[in-house]
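**Student:** Before I ask anything, let me first share the structure, which is written out below as structure tokens.
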Amino acid sequence: MGIFDFSKYPKVSAWLKRMKTVPHHDEIHEPLDQFLTSLGLKTKANPVVPVVALVAQVASASHSQNRTSTEKMTLKLYANLISQPSRAVEWAMRVKKLEHELALTEFGSRTFTSAEFLALNPNGLIPVLQDGDFALFEGNAIMVYLAEKFGWTDLYPKDVQAHAKVNEYLHWHHTNARLITMKVLVPLKRIKLNKQLEGDAVLVKEAPALMAKLIKLTEKFLVKDYVAESDGPTLADFTAYCEFVQIELMGIYDFSKFPKFSAWMQRMKKVPHHDEIHAPLDEFLSSLGLKTKAKAEEEAETQEKP
8 MGIFDFSKYP
18 KVSAWLKRMK
28 TVPHHDEIHE
38 PLDQFLTSLG
48 LKTKANPVVP
58 VVALVAQVAS
68 ASHSQNRTST
78 EKMTLKLYAN
88 LISQPSRAVE
98 WAMRVKKLEH
108 ELALTEFGSR
118 TFTSAEFLAL
128 NPNGLIPVLQ
138 DGDFALFEGN
148 AIMVYLAEKF
158 GWTDLYPKDV
168 QAHAKVNEYL
178 HWHHTNARLI
188 TMKVLVPLKR
198 IKLNKQLEGD
208 AVLVKEAPAL
218 MAKLIKLTEK
228 FLVKDYVAES
238 DGPTLADFTA
248 YCEFVQIELM
258 GIYDFSKFPK
268 FSAWMQRMKK
278 VPHHDEIHAP
288 LDEFLSSLGL
298 KTKAKAEEEA
308 ETQEKP
């Protein structure tokens, strides 16, 4: 399209040129090129560019260094258990009894903008795993890395098809179930804090329909008792559950309409460390008044029972 000057970023530009030399580049991207041309989406100054790539800023140099050290590395997880991907990673690490340091990172703190943290994750987000001189961000990527490094074959099976089914959900999650946080929880929080943005009210109004759609789609993954067509929880279940449970804790949606999904939720509650992992989120939702009155009363009654 020619709508951005990549020359300002020599490192990215050099990578783009290298990718253009990969076999079959032109024939693969020709249909896209024709499509953009047919819609008039190319600038006059760049009418014949065969392809445009949308590229994020390059990660810090520490991510590209060769790491050959065989020394035992200390694992450090930067996380906040209010964060869905942080909970999923920390939960898996506790279930597998993996020794590590949990660096609780408060939202709004200067940590996120510090040079040290941005060297680990230039996006300035959590979770981030530091394994000696190696750093990795993105919750699902972190869990896969740990599973492969430490042989968590129960959570990330070796069988190629079972393995692929876990990956299938992990990739699907980002543009589907992850919308629960972005389109339901975050707008509700902004409204509660009187920081409402244009469109938040519409998102909240559309939340029930979104939830129904996502639950129905998630049930398609529940061929067996767990998400990745498995008989036991995998990385896919940790990721999925930590997203949906946010809505359950608020009490703003009736999951009982979906027995298959509800049964899976109940099975996940029995996974070790469930309560301690979700306690910070539960307290956060209560502190902001994001729980329905019925949910708050239900929890109060449960706590009063001997």
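By my numbering, the letter at position 113 of the sequence shown is numbered 120, and the numbering carries on one by one without gaps. Cβ atoms here follow ideal geometry from the backbone N, Cα and C, with glycine treated the same way.
What is the DSSP secondary structure of S20, reduced to helix, strand or coil?
**Tutor:** Taking the first residue of the sequence shown as position 1, residue 20 is located at position 13. Correct three-state label for S20: helix.
**Student:** Here's the rule I'm using: 16 or more other beta-carbon atoms within 10 Å means buried, otherwise exposed. How should L224 be labelled?
**Tutor:** On the sequence shown, position 217 is the one that residue 224 refers to. When all chains shown are included, L224 counts as exposed.
**Student:** Does the region 139-153 come within contact of the region 92-106, defined as at least 3 CB pairs closer than 8 Å?
**Tutor:** The region 139-153 vs the region 92-106: in contact.
**Student:** When the cut-off is 8 Å and only beta carbons count, does Q253 lie next to chain D?
**Tutor:** Absent from the structure is chain D; it holds one protein chain and no more.
**Student:** Less than 8 Å between the CB atoms is what I'm expecting for T188 and E250, so what's the real figure, rounded?
**Tutor:** If you number the sequence shown from 1, residue 188 lands on position 181. If you number the sequence shown from 1, residue 250 lands on position 243. Contact holds; Cβ gap of about 7 Å.
**Student:** Is the region 226-244 touching the region 200-215 in the sense that three or more CB pairs, one from each, lie closer than 8 Å?
**Tutor:** No: fewer than three Cβ pairs fall under 8 Å.
**Student:** Rounded to whole angstroms, what's the CA-CA distance from Y129 to A286? Just pull it up for me.
**Tutor:** Here the question's residue 129 lines up with position 122 in the sequence shown. Here the question's residue 286 lines up with position 279 in the sequence shown. Per the sequence presented here, residue 129 reads as Pro, with Tyr not at that position. Approximately 29 Å, taken between the alpha carbons.
**Student:** W159 to V173, Cα distance in whole Å?
**Tutor:** Position 152 of the sequence shown, counted from the start, is the residue given in the question as residue 159. Position 166 of the sequence shown, counted from the start, is the residue given in the question as residue 173. Spanning the two alpha carbons is a distance of roughly 13 Å.
**Student:** Since Y85 and A110 should fall inside the 8 Å C-beta cutoff, what is the C-beta to C-beta distance between them, to a whole number of angstroms?
**Tutor:** Stepping through the sequence shown from its first residue, residue 85 is reached at position 78. Stepping through the sequence shown from its first residue, residue 110 is reached at position 103. Indeed they touch by this definition, with Cβ atoms about 5 Å apart.
**Student:** Using 8 Å as the threshold, is the C-beta distance between G176 and V234 below it?
**Tutor:** Indexing the sequence shown from 1 puts residue 176 at position 169. Indexing the sequence shown from 1 puts residue 234 at position 227. Looking at the sequence itself, residue 176 is Tyr, so the reference to Gly does not match. Yes, these two residues count as a Cβ contact at 8 Å.
**Student:** Since D138 sits in a beta bridge, which residues does DSSP pair it with?
**Tutor:** For this step, residue 138 is matched to residue 131 along the sequence shown. Bridge partners of D138: L82, F141.
**Student:** Could you tell me whether the Cβ atoms of A184 and L217 are closer together than 8 Å?
**Tutor:** Against the sequence shown, residue 184 aligns to sequence position 177. Against the sequence shown, residue 217 aligns to sequence position 210. For A184 and L217, no; Cβs fall outside 8 Å.
**Student:** Evaluate the contact criterion for the region 249-265 versus the region 294-306: three or more CB pairs, one atom per stretch, below 8 Å.
**Tutor:** These segments touch.
**Student:** On a Cα-Cα basis, can you pick out the residue from L195, P164, K190, S20 that is closest to L297?
**Tutor:** Stepping through the sequence shown from its first residue, residue 297 is reached at position 290. The shortest Cα separation from L297 among L195, P164, K190, S20 belongs to L195.
**Student:** Identify the residues that DSSP records as bridge partners of S237: which are they?
**Tutor:** Within the sequence shown, residue 237 is the residue found at index 230, counting from 1. DSSP lists Y233 as partners of S237.
**Student:** Buried or exposed for V29, please, with buried defined as at least 16 other CB atoms from any protein chain shown within 10 angstroms of its CB.
**Tutor:** Locating residue 29 in the sequence shown gives position 22, where the first residue counts as 1. The residue is exposed, with fewer than 16 neighbouring Cβ atoms inside 10 Å.
**Student:** Please classify F11 as buried or exposed, where buried requires at least 16 neighbouring CB atoms within 10 angstroms.
**Tutor:** Translated into the one-based positions of the sequence shown, residue 11 becomes position 4. Exposed is the call here.
**Student:** Between the C-alpha atoms of R197 and L204, what's the straight-line distance to the nearest angstrom?
**Tutor:** Within the sequence shown, residue 197 is the residue found at index 190, counting from 1. Within the sequence shown, residue 204 is the residue found at index 197, counting from 1. Distance between the alpha carbons of R197 and L204: 7 Å.
**Student:** Can you list, in chain order, the residues of its chain whose CB lies under 6 Å from that of L295, leaving out five sequence neighbours each side?
**Tutor:** To locate residue 295, count along the sequence shown from 1; it is residue 288. Cβ neighbours of L295 beyond the five flanking positions: K199.
**Student:** Among the candidates M8, W22, A21, P164, whose CA atom is the shortest distance from the CA of F42?
**Tutor:** Residue 42 sits at position 35 when you count from the first residue of the sequence shown. Per the Cα distances, M8.
**Student:** For N201, is the classification buried or exposed, using 16 other Cβ atoms within 10 angstroms of its Cβ as the cut-off for buried?
**Tutor:** Numbered from 1 along the sequence shown, position 194 holds the residue referred to as residue 201. So N201 ends up on the exposed side.
**Student:** Quick check: the Cα distance between L46 and D140, rounded to an integer number of angstroms?
**Tutor:** Position 39 of the sequence shown, counted from the start, is the residue given in the question as residue 46. Position 133 of the sequence shown, counted from the start, is the residue given in the question as residue 140. Their backbone Cα atoms lie some 47 Å apart in a straight line.
**Student:** Measure the alpha-carbon distance for H180 versus V191 and round it to whole angstroms.
**Tutor:** Start at 1 with the first residue of the sequence shown, and residue 180 comes out as number 173. Start at 1 with the first residue of the sequence shown, and residue 191 comes out as number 184. So the two alpha carbons sit approximately 15 Å from each other.
**Student:** For E255, is the beta carbon positioned less than 7 Å from some heavy atom of the ligand GTP?
**Tutor:** Inclusion of the ligand GTP in the displayed structure is not the case, the ligand content being empty and no account of it being possible.
**Student:** Nearest-angstrom Cα distance between L153 and P164?
**Tutor:** If you number the sequence shown from 1, residue 153 lands on position 146. If you number the sequence shown from 1, residue 164 lands on position 157. Rounded to whole angstroms, L153 to P164 spans 13 Å at the Cα level.
**Student:** When the Cα atoms are used, what is the spatial distance from E308 to V252?
**Tutor:** Looking up residue 308 in the sequence shown gives position 301. Looking up residue 252 in the sequence shown gives position 245. Each residue's alpha carbon lies about 20 Å from the other.
**Student:** At 3 residues or longer, what runs of the beta strand (DSSP E) sit wholly inside the region 114-194?
**Tutor:** List check, beta strand (DSSP E) in window: 135-138, 141-144.
**Student:** Short of 7 Å in beta carbon distance, which residues of its chain neighbour T182, apart from the five on each side in sequence? Order them along the chain.
**Tutor:** The residue given as residue 182 occupies position 175 in the sequence shown. No residues qualify anywhere along the chain.
**Student:** What does the alpha-carbon distance come out to for the pair M150 and M275?
**Tutor:** Looking up residue 150 in the sequence shown gives position 143. Looking up residue 275 in the sequence shown gives position 268. Going from the Cα of M150 to the Cα of M275 covers about 17 Å.
**Student:** When you compare the CB positions of E108 and T81, do they come within less than 8 Å of one another, or not?
**Tutor:** As a working note, residue 108 is residue 101 in the sequence shown. As a working note, residue 81 is residue 74 in the sequence shown. Yes; because the gap between Cβ atoms is below 8 Å, this pair is in contact.
**Student:** In chain order, what residues of the same chain lie with their CB nearer than 6 Å to the CB of T112, ignoring the 5 residues before and after it?
**Tutor:** Residue 112 sits at position 105 when you count from the first residue of the sequence shown. Result list for T112: Y85, N87, T118, I133, in chain order.
**Student:** Going by C-alpha to C-alpha distance, which of I89, T50, K49 sits closest to S293?
**Tutor:** The residue given as residue 293 occupies position 286 in the sequence shown. Among I89, T50, K49, the Cα nearest to that of S293 belongs to I89.
**Student:** Cα separation between E106 and L288?
**Tutor:** If you number the sequence shown from 1, residue 106 lands on position 99. If you number the sequence shown from 1, residue 288 lands on position 281. Whole-angstrom Cα-Cα distance: 23 Å.
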